[in-house]
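Participant: This is the structure I want to talk about, given as structure tokens.
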Amino acid sequence: MMGRRPVALVTGANRGLGLETCRQLSSLGCRVAMSGRDLSRVESARRELGAAEADVIAVGMDVRDVRSIVEARERIAERLGPVDILVNNAAVLLHEDADVLSIPAEGFRDTFDTNVFGAIEVCRALVPSMAERGHGRVVNVSSGAGQLSRMSTYAPAYSVSKAALNAFTRMLAATYGGRGVLVNAVDPGWVRTDMGGPGAPRSLEQGADTIVWLALLPKDGPTGGFFRDRRPIEW
Ligand code: NAP
């Protein structure tokens, strides 16, 4: 398909599903840029994976900071080449138990800054070049909490942000349709991470499975979809 090993960038890769996604992509032959807002934590996560430094690198990137996104893109280009696969994984879950109108405006803004505007800015930095090269995969890590068809009262700022991320997924997929860039959203299910908590039913391996599957879609794969367990789900 491509003349070289694909290069993947994962945001929020220092722990949880981001780290597990890097582990799986690396073991499936990708070269991986692990990114996160605290470089020393990303570096220790990279060491935890035990992959060769030529194949898996750590870069600093706070998705709320456009300059850090552009700097990371340049560093990745120098060390691994242009990014073929982008996994927008970084997210925050704030005011989980509050009701919708008791969350202060900053609670919504802080959530959207990371979960929505962060993903948009990372796409702005990377997707046009994927389209120029005629090949790219974007995986937006969303949540069942963002399904409009099931929207209720759980974690209002987070849920509304994931619904917005889903809308952005549709928009980006339609914009780049036919140019080799496949854009999809995924619900990993409820997974044992710092965010999901120790009582969640799914392992990291199970949670990352559909993320990785979407990252490695063949060129006739789906775009503009929302998936759980490798199957389409309702928006
Ligand atoms: P997690 O353990 O809390 O990890 C979140 C990651 O995002 C951390 O690496 C964190 O970095 C990073 N992050 C937060 N703000 C950032 C920023 N401004 N810039 C860069 N990185 C940032 O969560 P997780 O469970 O692995 O979640 C990963 C994804 O899956 C998220 O999109 C989440 O919404 C989604 N999801 C999770 C579950 C679940 O049950 N776990 C269910 C549905 C969806 P720091 O270490 O620096 O904070």
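Take the sequence shown: its letters are residues 969 to 1203, numbered as in this note's numbering. Glycine residues also receive a C-beta, built at the ideal position from the N, C-alpha and C atoms.
Could you check whether the stretch 1098 to 1109 touches the stretch 1140 to 1152, counting it as contact only if at least three pairs of C-beta atoms, one from each stretch, sit closer than 8 Å?
Facilitator: Counting Cβ pairs under 8 Å, three or more are found: they touch.
Participant: Counting only runs of 3+ residues fully inside the stretch 1084 to 1129, write out the beta strand (DSSP E) ranges in chain order.
Facilitator: Counting only runs of 3 or more, we get 1104 to 1109.
Participant: Using only the heavy atoms of the ligand NAP, determine whether one of them is closer than 6 Å to the beta carbon of A1168.
Facilitator: Indexing the sequence shown from 1 puts residue 1168 at position 200. Result yes, Cβ under 6 Å from the ligand NAP.
Participant: Note down the Cα distance separating R1041 from E1173, rounded to an integer number of angstroms.
Facilitator: Position 73 of the sequence shown, counted from the first residue, corresponds to residue 1041. Position 205 of the sequence shown, counted from the first residue, corresponds to residue 1173. Going from the Cα of R1041 to the Cα of E1173 covers about 27 Å.
Participant: What residues in its chain sit with their C-beta under 7 Å from that of G1114, if we drop five residues either side in the sequence?
Facilitator: Position 146 of the sequence shown, counting from 1, holds the residue named residue 1114. S1127, K1130, A1131, L1133, N1134.
Participant: Taking the runs of the beta strand (DSSP E) that are 3 residues or longer, which of them lie wholly in the stretch 1132 to 1159?
Facilitator: List check, beta strand (DSSP E) in window: 1149 to 1154.
Participant: Quick test of your reading: A1001 and V975, contact by CB under 8 Å. State the CB separation rounded to the nearest angstrom.
Facilitator: Taking the first residue of the sequence shown as position 1, residue 1001 is located at position 33. Taking the first residue of the sequence shown as position 1, residue 975 is located at position 7. About 7 Å separates the two Cβ atoms, so the contact holds.
Participant: With 16 as the cutoff for other CB atoms within 10 Å, does M1029 come out buried or exposed?
Facilitator: Translated into positions along the sequence shown, residue 1029 becomes position 61. Label assigned to M1029: buried.
Participant: In terms of alpha-carbon separation, which member of G1164, L1017, R973, T1191 lies closest to V1149?
Facilitator: Position 181 of the sequence shown, counting from 1, holds the residue named residue 1149. Cα-wise, what sits closest to V1149 is T1191.
Participant: Is any heavy atom of the ligand NAP found at a distance shorter than 6 Å from the C-beta of A1059?
Facilitator: Mapped onto the sequence shown, residue 1059 falls at position 91. Yes, the ligand NAP has a heavy atom inside 6 Å of this Cβ.
Participant: For the alpha helix (DSSP H) containing L1069, list its first residue and its last residue.
Facilitator: Taking the first residue of the sequence shown as 1, we reach residue 1069 at position 101. Element bounds for L1069: n/a, residue is neither H nor E.
Participant: L987 by DSSP, collapsed to three states: which one?
Facilitator: Numbered from 1 along the sequence shown, position 19 holds the residue referred to as residue 987. L987: helix per DSSP, three-state reduction.
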